[in-house]
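Just so you know, we're using the numbering used here here: the sequence shown kicks off at 84 and counts up by one.
A virtual CB, placed ideally from N, CA and C, is assigned to each residue, including glycine.
In this text, all values refer to a predicted model and were calculated from it rather than measured experimentally.
Data first, discussion second: the structure below is written as structure tokens.
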Amino acid sequence: MLVGLSPARVTRFLQQMKTDTMFELAFHGETMERDYWDVPLYATFRKGDTCTEVHGFYDGEGRYVIRFLPKEEGVYDYEVRGLFQKKGQIKVERNPDSKFIRAVGTHFEDGAQRPFFPFGTTVYGLVHQEESLIDKTFKTLGESPFNKIRFCVFPKHYDYNHNEPPYYPFLKKDPTQPIKNNHDASSPNLEFWHHFEKCLLRLLDLGIQADVILFHPYDRWGLNELSQEDNFKYLDYALARLSAFPHLWWSIANEYDLCLKRKSIEDFYRMEQFIASRDPFHHLLSCHNCFHPYDFSRSLF
84 MLVGLSPARV TRFLQQMKTD TMFELAFHGE TMERDYWDVP LYATFRKGDT CTEVHGFYDG
144 EGRYVIRFLP KEEGVYDYEV RGLFQKKGQI KVERNPDSKF IRAVGTHFED GAQRPFFPFG
204 TTVYGLVHQE ESLIDKTFKT LGESPFNKIR FCVFPKHYDY NHNEPPYYPF LKKDPTQPIK
264 NNHDASSPNL EFWHHFEKCL LRLLDLGIQA DVILFHPYDR WGLNELSQED NFKYLDYALA
324 RLSAFPHLWW SIANEYDLCL KRKSIEDFYR MEQFIASRDP FHHLLSCHNC FHPYDFSRSL
384 F
């Protein structure tokens with residue numbers, strides 16, 4: 084049984100709380116070594132008739148976190164429950180430099196209702212390289228016209244990307260054995276997720292949208308062979324942790340139809356529904372194909 088030890092401290096990613104800007108509550112409690120993909124920590128944010136439910140996550144060293152992305156101006160009342168209990172308010176002002184992109188009819192616009200014209204590229208292995216190459220990549224991106232990039236959560240085995248990544252998304256089930264098919268989806272590797280978030284924040288600083296690819300077939304580590312139960316554990320943690328980043332887009336898969344040897348199309352539909360229902364801020368959601376276009380005509384709710 085997890086037991087909380089102290090009240091929350093509040094961290095704001097920017098000095099002033101504005102719409103489409105991440106708000107974070109952090110709590111200190113019991114240190115967990117494994118099996119923390121799902122912790123009983125939740126919060127409700129209310130503004131008038133609007134109610135948003137948020138799922139918290141474990142961040143290592145006894146730190147438990149709840150994140151929220153306010154979409155409208157005004158005063159929000161929040162209540163934290165589960166492992167910790169806390170009530171409070173945040174006052175949100177309009178953000179003239181919103182980085183949250185939404186689809187409106189047949190075009191994109193930001194939170195300030197300005198048109199957004201994506202000009203994107205792919206850097207599939209962005210977070211899986213040595214630091215010097217990552218720094219070089221960000222320098223290049225900062226000098227480029229791109230305002231959106233697609234990159235993978237899982238490492239990708241492909242041309243020009245045969246290196247071993249510095250971190251894997253999960254701890255090993257058996258630390259004494261090689262990594263292939265040895266992933267403990269119940270125990271996210273916090274070194275990896277901290278590193279991943281640093282890259283997300285660097286993209287945010289550059290004003291570049293992050294189109295995050297959740298699955299792909301180009302794999303030699305067994306990550307494309309996770310059970311559907313483990314896929315949902317991974318998605319649950321990733322959604323709790325990342326959904327409050329304003330500049331994030333979800334891509335269910337890169338070339339999803341090449342994953343169908345290991346996953347059925349029904350698996351993808353269930354994961355699509357899960358992502359749509361567990362992302363309380365409703366980021367853009369897509370699925371990339373190779374030969375067979377994905378069916379986008381189904382209702383998500």
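Under the criterion of beta carbons closer than 8 Å, Ile-335 and Ala-293 do not qualify as touching, at roughly 15 Å.
DSSP lists no bridge partner for Tyr-320. Here the alpha carbons of Phe-128 and Glu-338 stand approximately 36 Å from one another. For secondary structure counted as the alpha helix (DSSP H) over 4 or more consecutive residues, the stretch 240–269 holds no complete run. In the three-state DSSP reduction, Cys-373 falls in the coil class, being neither helix nor strand. Under the Cβ criterion (8 Å, minimum of three pairs), the stretch 146–157 counts as touching the stretch 100–113. Gly-139 and Arg-164 have their C-alpha atoms roughly 10 Å apart. Looking at the DSSP output, Tyr-159 shares a beta bridge with Ile-173. Ile-358 and Trp-333 have their C-alpha atoms spaced approximately 8 Å apart. For the pair Thr-104 and Pro-300, the CB atoms are not nearer than the 8 Å cut-off. Straight-line spacing of the CA atoms in Ile-348 and Asp-302 works out to 19 Å.
By the beta-carbon neighbour count (other beta carbons within 10 angstroms, threshold 16), Leu-254 is buried.
His-245 and Gln-356 have their C-alpha atoms some 33 Å from each other.
Short of 8 Å from the beta carbon of Leu-309, and not among the five residues preceding or following it, lie these beta carbons of its own chain, in chain order: His-266, Ala-268 and Tyr-317.
Counting C-beta pairs with one atom in each stretch, the stretch 206–214 and the stretch 357–374 have fewer than three that are closer than 8 Å, which means they do not touch. Counting the other CB atoms within 10 Å of its CB gives Phe-379 a total below 16, which places it among the exposed residues.
Beta bridge pairing from DSSP links Asp-294 with Arg-233 and Trp-332. For His-371, the closest of Lys-130, Leu-297, Leu-286 and Ser-227 by C-alpha to C-alpha distance is Leu-297. Relative to Tyr-161, the option among Lys-263, Gln-172 and Tyr-243 whose CA is nearest is Gln-172.
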